[in-house]
Amino acid sequence: LDAQAGSVDEENGRQLGEIELQCGICTKWFTADTFGIDTTSCLPFMTNYSFHCNVCHHSGNTYFLRKQANLKEMCLSALANLTWQSRTQDEHPKTMFSKDKDIIPFIDKYWECMTTRQRPGKMTWPNNIVKTMCKERDVFLVKEHPDPGSKDPEEDYPKFGLLDQDLANIGPAYDNQKQNNAVSTSGNLNGGIAAGGSGKGRGAKRKQQDGGTTGTAKKTRSDPLFSAQRLPPHGYPLEHPFNKDGYRYILAEPDPHAPDPEKLELDCWAGKPIPGDLYRACLYERVLLALHDRAPQLKISDDRLTVVGEKGYSMVRASHGVRKGAWYFEISMDEMPPDTAARLGWSQPLGNLQAPLGYDKFSYSWRSKKGTKFHQSIGKHYSSGYGQGDILGFYISLPEDTETAKSLPDTYKDKALIKFKSYLYFEEKDFVDKAEKSLKQAPGSQVSINFGPYFKYPPRDITYRPMSDMGWGAVVEHTLADVLYHVETEVDGRRSPPWEP
3 LDAQAGSVDE ENGRQLGEIE LQCGICTKWF TADTFGIDTT SCLPFMTNYS
53 FHCNVCHHSG NTYFLRKQAN LKEMCLSALA NLTWQSRTQD EHPKTMFSKD
103 KDIIPFIDKY WECMTTRQRP GKMTWPNNIV KTMCKERDVF LVKEHPDPGS
153 KDPEEDYPKF GLLDQDLANI GPAYDNQKQN NAVSTSGNLN GGIAAGGSGK
203 GRGAKRKQQD GGTTGTAKKT RSDPLFSAQR LPPHGYPLEH PFNKDGYRYI
253 LAEPDPHAPD PEKLELDCWA GKPIPGDLYR ACLYERVLLA LHDRAPQLKI
303 SDDRLTVVGE KGYSMVRASH GVRKGAWYFE ISMDEMPPDT AARLGWSQPL
353 GNLQAPLGYD KFSYSWRSKK GTKFHQSIGK HYSSGYGQGD ILGFYISLPE
403 DTETAKSLPD TYKDKALIKF KSYLYFEEKD FVDKAEKSLK QAPGSQVSIN
453 FGPYFKYPPR DITYRPMSDM GWGAVVEHTL ADVLYHVETE VDGRRSPPWE
503 P
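So, in structure tokens, the structure goes:
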């Protein structure tokens, strides 16, 4: 295993990437070389051991014993090491890894380091590993096929990743911690359990009802409304509907403030249209490139900050838009082969994804060739062109006193709810009126986007906010819009409880 410098966690003294041991009594973490323990048969992020430090053990000496690991523990350790290697070695770190090209070769190479179990004579364990990761959906993410239009070969799939990307949570008591902290670390945002401190959903912790976590979990597992899978670390399902053919899709999650929220826990909606007012738009608190609001042939990186284009002009928008104020973001031109071009700029939600930016009245672009600016397919000279290695800044200033600026975002609660791959989405026809969104589009090239808050070349002569600020801003605006909807709207005889000061 390639040695990498450990990452020191100042809060709890962890050194990720190194071989660490957690004392089973005081629960403190130590690097193995602190006590001179032989680590030739160990790996970072292993969980199959018992360890007592010399302070806690009755003999005054350290106690260390490796145990036989089951397949789940081996898969967890393998994916943790692959994730760490990618973070420290790759320019664009991966979170999902190929079964055949990454996971199985890693386990085969380090079998003796991962378990005391003898290597089996028959090569049946790869199939068992796949079954294990597919079964343990509360620990592993699974992606069986590439996205439509993706350049990833089919033979790279299925791919697997860790649901919890915080590698500091991995330890010998990981399974117990997972069960005890299921709500706070890997809550199902699309299934009604709020995540705490994970950066997903609306961000607020939701208190559990009387009966405890176990009772709630049992209830939600049998409820058809809560049968959704866990969300990936970047906050959006791996398989999802694309905005196209006049329809837009907004990921939904249960609204805890809806009238009669207990109806969410009943089976009465099986086979019937689910009332939209029981749900709300599921928002991620970081501004990223949208996975659903793009042309399918565009390939988005795992961190959702880089896009590769091909087969002519097509577009991708950001996950958040702005309605008023002054905003700024940067784009880096990572790769631009000869005979390729890019148009970068701003677009409203109705901009055509299968056309160049600036093609219609809903978008404005700056082209790499000759520096031409476009709006409604009319080009005018703007500046000199740009190319590979350049960093471009994009600024927009929208008025504060218009009706659009003063309005709150749509709640989507009056829209139809559809189910796709175990997730619920609001379905909306394309005649919405929203302010402009940041957009980046590139055919045959690769660009990376920086929404802030730190920029390489920040403007010095103007006042602006980084686009990254819109993440929490959208959470606040949508929450207020949801509250007003419940106060002012009556749906099927259900109203919010009367206000009690």
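Residue numbers (our numbering): 3 to 503.
Even for Gly, the Cβ is constructed at its ideal location relative to N, Cα and C.
Among the options, whose alpha-carbon lies nearest the alpha-carbon of residue i?
| i | options | result |
| --- | --- | --- |
| E138 | F99, R119, W31 and E75 | E75 |
| E255 | P277, S321 and D149 | P277 |
| T481 | L410, I380, I464 and S470 | L410 |
| I451 | Y159, M469, I464 and D463 | M469 |
| S385 | W113, Q120 and W368 | W368 |
| Y456 | T491, F331 and Q350 | F331 |
| D341 | L400, G395, Y249 and S447 | S447 |
| F53 | R68, L73, Y427 and T42 | R68 |
| H488 | Y251, Y414 and C28 | Y414 |
| G387 | E93, A343, N72 and H322 | A343 |
| F244 | P150, T134, G454 and G373 | P150 |
| F162 | Y65, C77, Y425 and W348 | C77 |
| T97 | Q167, I105, F108 and C28 | Q167 |
| Q378 | E312, Y361, N50 and L394 | Y361 |
| L156 | L81, D102 and L426 | Looking at the sequence shown, residue 156 is not Leu but Glu. Taking only the C-alpha atoms, the option nearest E156 is D102. |
| G73 | I27, C55, T126 and D40 | The sequence as given places Leu at residue 73; Gly does not occur at that position. Closest option to L73, Cα to Cα, is T126. |
| F364 | I380, S370, T374 and V449 | I380 |
| G248 | P351, R282, L346 and T90 | P351 |
| V449 | P258, E479, E402 and M317 | M317 |
| Y531 | I393, Y251, F32 and A34 | With the chain covering 3 to 503 only, the question about residue 531 has no answer from this structure. |
| C55 | D35, K246 and P461 | D35 |
| A406 | A82, G395, R345 and K326 | In the sequence as displayed, the identity of residue 406 is Thr instead of Ala. The shortest C-alpha separation from T406 is found at K326. |
| L253 | P46, V477 and L426 | L426 |
| F47 | A82, D40, F66 and G38 | A82 |
| L169 | C115, K246, E20 and C44 | E20 |
| S370 | T404, I333 and E402 | I333 |
| Y286 | T64, D484 and V477 | V477 |
| H242 | I420, N129 and T117 | I420 |
How far does the beta strand (DSSP E) with residue i in it reach, from first residue to last?
| i | result |
| --- | --- |
| F47 | Counting along the chain, F47 falls outside any beta strand (DSSP E), and DSSP gives it neither H nor E. |
| P256 | Y249 to P256 |
| V449 | Q448 to N452 |
| S321 | V318 to G323 |
| A292 | L291 to R296 |
| K421 | A418 to F422 |
| K153 | Where K153 is concerned, there is no enclosing beta strand (DSSP E), given that its DSSP letter is neither H nor E. |
Under the rule that 16 or more other beta-carbon atoms within 10 Å means buried, what is residue i, buried or exposed?
| i | result |
| --- | --- |
| K423 | exposed |
| P122 | exposed |
| V324 | buried |
| P2 | The shown model of the chain, from 3 to 503, leaves out residue 2, and the question about it has no answer. |
| C25 | buried |
| M338 | buried |
| C284 | buried |
| Q70 | exposed |
| C136 | exposed |
| G62 | exposed |
| G347 | buried |
| V132 | buried |
| E114 | exposed |
| R282 | buried |
| Q311 | A small correction: the amino acid at residue 311 is Gly; Gln does not occupy that position in the sequence shown. The residue is buried, with at least 16 neighbouring Cβ atoms inside 10 Å. |
Going along the chain, which residues of its own chain have a beta-carbon closer than 8 Å to the beta-carbon of residue i, five neighbours each way excluded?
| i | result |
| --- | --- |
| P503 | With a pLDDT of only 40 at P503, under 50, the local geometry of the prediction cannot be trusted, and the value read off the model is given with reservation. None. |
| A328 | Y397, I398, S399, L400, I464, T465, Y466 and R467 |
| D1 | Residue numbering for the chain in the displayed model covers 3 to 503; residue 1 lies beyond these limits and cannot be assessed. |
Starting from residue i and walking both ways along the alpha helix (DSSP H), at which residues does that stretch end?
| i | result |
| --- | --- |
| V489 | M472 to E490 |
| S385 | Where S385 is concerned, there is no enclosing alpha helix (DSSP H), given that its DSSP letter is neither H nor E. |
| M116 | W113 to M116 |
| E20 | No alpha helix (DSSP H) holds E20; DSSP gives it neither H nor E. |
| K133 | W127 to K137 |
| R119 | Segment: none, R119 is in no alpha helix (DSSP H) and carries neither H nor E. |
| E405 | E405 to K408 |
| E337 | Note, E337: premise wrong, no alpha helix (DSSP H); beta strand (DSSP E) at G327 to E337. |
Quick one: what's got a C-beta closer than 7 Å to residue i's C-beta in the same chain, skipping five residues either side?
| i | result |
| --- | --- |
| G391 | M335 |
| V289 | A320, S321, H322, F453, M469, S470, M472 and G473 |
| A260 | D279, L280 and H488 |
| D416 | G278 |
Does the beta carbon of residue i come closer than 8 Å to any beta carbon on chain C?
| i | result |
| --- | --- |
| I393 | No chain C is part of this structure, which consists of one protein chain only. |
Among residues of its own chain, excluding the 5 on either side of residue i, which ones have a beta-carbon nearer than 6 Å to its beta-carbon?
| i | result |
| --- | --- |
| I105 | A80 and F99 |
| C58 | C25, I27 and C28 |
| L486 | none |
| A206 | Reliability of the predicted coordinates at A206 is poor, the pLDDT of 42 falling under 50, and no value is obtained from them. |
| K375 | W368, K382 and Y384 |
| P95 | S88 and R89 |
| R16 | W31 and A170 |
| D40 | none |
Within 8 Å, do at least three Cβ pairs link the segment 351-363 to the segment 399-410?
No contact exists between the segment 399-410 and the segment 351-363.
Taking contact to mean 3 or more Cβ pairs, one atom from each stretch, closer than 8 Å, check whether the segment 287-295 and the segment 303-313 are in contact.
As far as the Cβ criterion goes, the segment 287-295 touches the segment 303-313, which means the pair count is three or higher.
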